[in-house]
Each structure stands twice: as C-alpha cells, then as structure tokens.
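Here the sequence shown is numbered in my numbering, starting from 329 and rising by one per residue.
Using N, Cα and C, we set each Cβ at its ideal position, and we do this for glycine too.
Inspection log for the structure reproduced underneath, given as structure tokens.
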Amino acid sequence: MANIKFANIKTKEASDLKQELAETREELREVRFKVKRGEEKMVHRVKELKKNIARLLTALGLRE
C-alpha cells in the first residue's frame with residue numbers, strides 16, 4: 329500500500345475507512361515482524377504505514 333492522500337480518504341464511507349484501518353494495522357504488524365527477523369529490506373514501510381493509520385484515524389474522528 330502506498331501513501332494515502334487525505335483528499336481520497338475524505339470521499340470514502342466510514343465503514344470503508346474502518347476496514348482499511350484494520351487492513352493497514354495488520355500490514356504494519358506483519359512488516360514489523362519481518363523487520364525484526366531481517367526479512368524486510370524496506371524498513372521505511374513502518375513509518376509510511378504509521379502515517380497512513382494516523383490519516384485514517386483523523387478522517388474517522390472528523391466524521392463523529
């Protein structure tokens with residue numbers, strides 16, 4: 329998953345955002361394990377995923 333643009337997030341439904349948030353959190357968990365085991369070469373993915381999660385949470389917070 330690439331960086332998510334906030335403009336794209338604003339147009340999605342809350343249920344879609346929650347599903348995407350769950351998928352991104354799972355991907356972050358997997359990438360962290362791979363980094364620890366030395367299997368993941370692109371360690372910057374952790375930072376990207378954390379930022380994407382923050383964007384999704386911000387968008388969900390604005391809807392409530």
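- Between residue 348 and residue 359, the CB-CB gap reaches or exceeds 8 Å.
- Excluding residues up to 5 positions away in sequence, 363 lie with their Cβ nearer than 8 Å to the Cβ of residue 371 in the same chain.
- Taken in chain order, the complete alpha helix (DSSP H) segments of 4 or more residues contained in the stretch 361 to 391 are 372 to 391.
- In the displayed model, residue 341 falls within coil according to three-state DSSP, outside both helix and strand.
- A buried status is given to residue 383, since no fewer than 16 other beta-carbon atoms sit within 10 Å of its beta-carbon.
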